[in-house]
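Accompanying notes for the structure given below.
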Amino acid sequence: MEITVIGGGRVGTGLARLWRTAGHAVTVLSSEGGDAAGADVVVVAVPAPAVFEALGRVSGLAGQVTIDTCNVFGGRDEEFPSLSHQLKSIIGGATAKAFSTNFAADYDRVGEQLVRPSNLFAAEPKAREIAERLSHDAGYDPVFVGDLDPGARLLEDSFGLTRALARQFGHFFYRYARPGAL
98 MEITVIGGGR VGTGLARLWR TAGHAVTVLS SEGGDAAGAD VVVVAVPAPA VFEALGRVSG
158 LAGQVTIDTC NVFGGRDEEF PSLSHQLKSI IGGATAKAFS TNFAADYDRV GEQLVRPSNL
218 FAAEPKAREI AERLSHDAGY DPVFVGDLDP GARLLEDSFG LTRALARQFG HFFYRYARPG
278 AL
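With the sequence shown counted from 1, adding 97 to any position gets you the working numbering.
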């Protein structure tokens, strides 16, 4: 799969490393921008306040499946149900919200876990299979929380819970599973 990651920080470069190891062709575009025309999927991995400036520096955004990894810390454009919906309005492809409830600093430790940690995600039907595959290929067990609406906003709003847990435990992995599934 041809993946273009917009964002050269911990999230973008960490996911790129995991996906390259799984055999994907990954291009990381940093703050200088670049071309995403050949991408099967575009992953947006920049701080939420910088999303629109970053997208403005990228050419070739034309209907690709999009994965939004961004956490929303403050205000958002309430004309859209979520940041993911707003990104969809710009890129135009089926969209998923994923990798926003995991700690990028620990991506290199995913494979060390006794059981696969979970990755909560929301997705439109045409983005679901790709979000599941990329979650799995990054070492996570994908856990679908529902369609983009209302799932993306639910994940965006859960960031406060993730931060509260991190204050208590430090960085952590989580696992959601049915009883008896482990």
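C-beta: ideal position from N, C-alpha, C; glycine also.
The structure displayed is predicted, hence computed values, not measured ones.
Over the uninterrupted alpha helix (DSSP H) stretch that includes residue i, give me the two end residues.
| i | result |
| --- | --- |
| residue 151 | 148–153 |
| residue 38 | In the structure displayed, the chain extends from 98 to 279; residue 38 sits before or after that span and is not available. |
| residue 196 | Residue 196 -> no alpha helix (DSSP H), and no H or E assigned at all. |
| residue 215 | Looking at the DSSP string, residue 215 is not in any alpha helix (DSSP H); the run it does join, the beta strand (DSSP E), is 215–220. |
| residue 133 | Run containing residue 133: none; DSSP gives neither H nor E here. |
| residue 180 | 180–188 |
| residue 211 | Element bounds for residue 211: n/a, residue is neither H nor E. |
| residue 262 | 256–266 |
| residue 126 | Unbroken run through residue 126 is the beta strand (DSSP E), 122–126; no alpha helix (DSSP H). |
| residue 113 | 107–118 |
Determine the burial state of residue i: buried for a count of at least 16 other Cβ atoms within 10 Å of its Cβ, exposed for fewer.
| i | result |
| --- | --- |
| residue 165 | buried |
| residue 160 | exposed |
| residue 253 | buried |
| residue 118 | exposed |
| residue 212 | exposed |
| residue 275 | exposed |
| residue 181 | buried |
| residue 171 | exposed |
| residue 186 | exposed |
| residue 128 | exposed |
| residue 147 | exposed |
Who are the Cβ neighbours of residue i in its own chain at under 7 Å, not counting the five residues just before and after it?
| i | result |
| --- | --- |
| residue 239 | 216, 218, 228, 229, 232 and 233 |
| residue 200 | 268 |
| residue 131 | 155 |
| residue 210 | 270 |
| residue 261 | none |
| residue 149 | none |
| residue 273 | 215 and 240 |
If I follow the unbroken beta strand (DSSP E) through residue i, where does it start and stop?
| i | result |
| --- | --- |
| residue 102 | 99–103 |
| residue 163 | 162–165 |
Kindly list the residues whose CB is nearer than 6 Å to the CB of residue i, restricted to its own chain and excluding five residues on each side of it in sequence; keep chain order.
| i | result |
| --- | --- |
| residue 198 | 217 and 259 |
| residue 137 | 98 and 99 |
| residue 142 | 102, 104, 108, 109 and 166 |
| residue 133 | 101, 139, 155, 157 and 158 |
| residue 177 | 183 |
| residue 151 | 103 and 143 |
Spatial neighbours of residue i within its chain, please: C-beta separation below 8 Å, excluding the five flanking residues on both sides.
| i | result |
| --- | --- |
| residue 243 | 219 and 251 |
| residue 246 | 178, 179 and 182 |
**Asked** Quick check: the segment 214–229 against the segment 178–195, are there 3 or more CB pairs under 8 Å?
**Response** Using a C-beta cut-off of 8 Å, the segment 214–229 makes contact with the segment 178–195, since at least three inter-stretch Cβ pairs fall below that distance.
**Item:** Three or more C-beta pairs below 8 Å linking the segment 228–241 and the segment 199–215
**Value:** yes
**Asked** Is the segment 122–141 touching the segment 238–258, taking contact as three or more C-beta pairs under 8 Å?
**Response** no
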